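Working notes, beginning with the structure itself.
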Amino acid sequence: MSVGDLGFFLIVAIALVLLAGEAVAHPSQFAQVLVFGLADGAIYALVALGYTMVYGIIELINFAHGDVFTLGAYVGATIMAFFAGASEDSFLVANLIALLITFPVVMLIMGAVNITIERVAYRPLRNAPRLAPLITAIGMSFLLEGIMFLWHGPATVHVPDLLPHGAGFQTTIGGVFISFKDVFVVIAAAILVTLLAIFINGSKLGKAMRATAQDRDASQLMGININRTIAATFFIGAVLAGAGGMIWGLYFNTITYNLGFRTGLVAFTSAVFGGIGNIPGAALGGMVIGLTAAFSDNYIGSKWTQVVIFGILIGVLVFRPTGLLGMRVPEK
Amino acid sequence: MSLLELKEVSAFYGRIQALRSVTLEVDQGEVVALIGSNGAGKTTTLRTISGLMHPAGGSINFDTRDITNTGPETIVQRGICQSPEGRRLFVRMSVQDNLLMGAYIRTDKPGIAADIERVFTLFPRLKERRTQISGTLSGGEQQMLAMGRALMARPKLLMLDEPSLGLAPILVETIFTIVREINAQGTPVLLVEQNAHKALEVAHRGYVLETGSIVKTGTGKELLESEDVQKAYLGM
Numbered sequence: 183m184s185v186g187d188l189g190f191f192l193i194v195a196i197a198l199v200l201l202a203g204e205a206v207a208h209p210s211q212f213a214q215v216l217v218f219g220l221a222d223g224a225i226y227a228l229v230a231l232g233y234t235m236v237y238g239i240i241e242l243i244n245f246a247h248g249d250v251f252t253l254g255a256y257v258g259a260t261i262m263a264f265f266a267g268a269s270e271d272s273f274l275v276a277n278l279i280a281l282l283i284t285f286p287v288v289m290l291i292m293g294a295v296n297i298t299i300e301r302v303a304y305r306p307l308r309n310a311p312r313l314a315p316l317i318t319a320i321g322m323s324f325l326l327e328g329i330m331f332l333w334h335g336p337a338t339v340h341v342p343d344l345l346p347h348g349a350g351f352q353t354t355i356g357g358v359f360i361s362f363k364d365v366f367v368v369i370a371a372a373i374l375v376t377l378l379a380i381f382i383n384g385s386k387l388g389k390a391m392r393a394t395a396q397d398r399d400a401s402q403l404m405g406i407n408i409n410r411t412i413a414a415t416f417f418i419g420a421v422l423a424g425a426g427g428m429i430w431g432l433y434f435n436t437i438t439y440n441l442g443f444r445t446g447l448v449a450f451t452s453a454v455f456g457g458i459g460n461i462p463g464a465a466l467g468g469m470v471i472g473l474t475a476a477f478s479d480n481y482i483g484s485k486w487t488q489v490v491i492f493g494i495l496i497g498v499l500v501f502r503p504t505g506l507l508g509m510r511v512p513e514k
Numbered sequence: 002m003s004l005l006e007l008k009e010v011s012a013f014y015g016r017i018q019a020l021r022s023v024t025l026e027v028d029q030g031e032v033v034a035l036i037g038s039n040g041a042g043k044t045t046t047l048r049t050i051s052g053l054m055h056p057a058g059g060s061i062n063f064d065t066r067d068i069t070n071t072g073p074e075t076i077v078q079r080g081i082c083q084s085p086e087g088r089r090l091f092v093r094m095s096v097q098d099n100l101l102m103g104a105y106i107r108t109d110k111p112g113i114a115a116d117i118e119r120v121f122t123l124f125p126r127l128k129e130r131r132t133q134i135s136g137t138l139s140g141g142e143q144q145m146l147a148m149g150r151a152l153m154a155r156p157k158l159l160m161l162d163e164p165s166l167g168l169a170p171i172l173v174e175t176i177f178t179i180v181r182e183i184n185a186q187g188t189p190v191l192l193v194e195q196n197a198h199k200a201l202e203v204a205h206r207g208y209v210l211e212t213g214s215i216v217k218t219g220t221g222k223e224l225l226e227s228e229d230v231q232k233a234y235l236g237m
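Set out below in structure tokens:
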């Protein structure tokens, strides 16, 4: 174990001990923070998966990914507004139908948008120096934010509150307030991550994606069409980000055009924390960062939360650049 | 008409010319060796055939069809498979999964299963390690896996790039024995080697490549006995 690893584990250990102390001293408050952290973390995990998959396959930090997430929420809010029968007052079958239609439509639209971004902005730069697509990704991020700004202006946009809520859909267990929304966020994210894992490990395209991520030339020599495989990776990343945007919108009910900037950076931190390019790592990193943010909000103060999260990013990059689950493979 | 025909193929890396009017053929049933020193253009020749690079001039025909500007994934489907230089395994996948990747273009599951067994018969060591992550194999085992993986596509032509590079002498012997065996089972082989002596012993015919041009050709035996080749490549 290197000095860097030692420092990394030492810091993690100290944080865990402090948290354990709080958990014993004020168990219900601790559990409440845990619930918030899990819900946030689930959303970060969905967005982090897109960062890590794209990085894994073409070694690009797709800075526009956070804005694809926000655009998903915007498109979702627009589509849900069409369902005149849906009501925010209570849970109706109409709400359920609206959600069942909106989710897949948003996910498919975002997938298509991301494929277009890859085709127009990144593929022509596939063999350019690394900095070129990176800067293009930042430009694409501003472009998407600009489009959302022109669409709805700088003010917050309301997302219809279609999930079951109110007195009948929340409960307090041992002083911990839990709503249907909290449970929904975690379960929806868990289902999506499970589907992704089945797809990556089981399907032919999933195998092609893993192979292309490991060795692009060798994959071509196996007969894999790498353009199609890379496009599929962008598609799936955006499907998850679009779902994440929808879930965020339904959970918090307000979005702004620049939401993706901060959320994207936090999700990116999650991906790096888990080990960039590592898919289970991104899911785990999202949960850990979500929990860290919630604990920081509550125990340190919310104004310090960004300092804590981006401090973690710097710490991981300095002490353990391969992340929590990242691994080095010997080459012979 | 030969199985594979390169006619006056030239290729560039940027402004540097790597191949100058290379003409070569591989016939059904043959082992053809392509020898030459570092930087002579051996690997470039294979990359141009497999479609990872496209020639700036000349033409490539395979199995009566023009593949000069065909993409690599289509060329694999036409029947050319390569064990690339440096093996290029999928190092985070198991031995078995690497072999399955080799059969990526195929859909006949029973045939694939039978071919995995066939590869395990050729390389019993791989069978012992079928669930091991390929990045943790020894160099020799990795080479065997790279060759096995290329065979999994049931190629009409197998191209091997430096299969003996960096291997212990006893393993070099094994690898060339297996090249013979693969050929005896009916697959033509285009073999790129720095180990000219071994390669020419196995090959029916050979080409000598020097700074991007073919400077000599003949049967394996002729080249082994040629004074120029002995001086330049066999250290005699």
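Chain order of the listed sequences is A and B.
Heads up: the first sequence runs through residues 183 to 514, numbered per the working numbering.
Heads up: the second sequence runs through residues 2 to 237, numbered per the working numbering.
For every residue, glycine included, the Cβ atom is placed at its ideal position computed from N, Cα and C.
Note that the structure is predicted; figures quoted are calculated from it, not measured.
Check	Outcome
I'd like the span of the beta strand (DSSP E) that includes B/ASN62, first residue to last.	58-63
Kindly give me the distance between the Cβ atoms of B/ILE176 and B/PRO164, rounded to whole angstroms, as I take these residues to be in contact under 8 Å.	5 Å
Looking at chain B, is there any beta carbon in it that lies within less than 9 Å of the beta carbon of A/GLN352?	no
With a threshold of 6 Å on Cβ separation, who are the neighbours of A/MET330 within its own chain once the five nearest residues in sequence on each side are excluded?	TYR256, TYR439
Taking all protein chains shown into account, decide if A/SER323 is buried (16 or more other Cβ within 10 angstroms of its Cβ) or exposed.	buried
I need the straight-line Cα distance from A/THR338 to A/PHE191, nearest angstrom please.	40 Å
Taking CB distances under 9 Å as the criterion, tell me whether A/ALA393 reaches chain B.	yes
Going by C-alpha distance, which of B/ILE134, B/ALA204, B/THR45, B/ARG48 is nearest B/VAL96?	B/ILE134
Taking just the CA atoms, how far does B/GLU74 sit from B/MET145?	23 Å
Is the CB of A/SER401 under 9 Å away from at least one CB in chain B?	yes
With a cut-off of 9 Å, does the C-beta of B/ALA19 fall near any C-beta of chain A?	no
Are there 16 or more other CB atoms within 10 angstroms of the CB of A/THR298, so buried, or fewer, so exposed?	exposed
Considering only residues of the stretch 122-162 of chain B, which uninterrupted alpha helix (DSSP H) runs meet the minimum length of 4 residues and lie entirely inside it, listed in chain order?	125-129, 140-152
Pull out every residue of the stretch 26-57 of chain B whose Cβ sits closer than 9 Å to any Cβ of chain A, in chain order.	ARG48, SER51, GLY52, LEU53
Apart from the five residues just before and just after B/TYR234, which ones in its own chain have a Cβ nearer than 7 Å to its Cβ?	ILE36, ALA197
Counting contacts by CB-CB distance shorter than 9 Å, is B/LEU152 in contact with chain A?	no
So for A/TYR433, helix, strand or coil by DSSP?	helix
Using C-beta distances below 7 Å, list every residue in its chain close to B/ASN184, excluding the 5 sequence neighbours before and after it, in chain order.	VAL32, VAL190
For chain A, find out if any of its Cβ atoms is closer than 9 Å to the Cβ of B/ASP229; answer yes or no.	no
Please return the same chain residues whose Cβ sits closer than 6 Å to the Cβ of B/ASP116, not counting the five positions on each side in sequence.	MET153
Do you know how far the Cα of B/SER214 is from the Cα of B/LEU201?	19 Å
DSSP three-state label for B/SER38, please.	coil
For a cutoff of 9 Å on Cβ pairs, would you count B/TYR234 as touching chain A?	no
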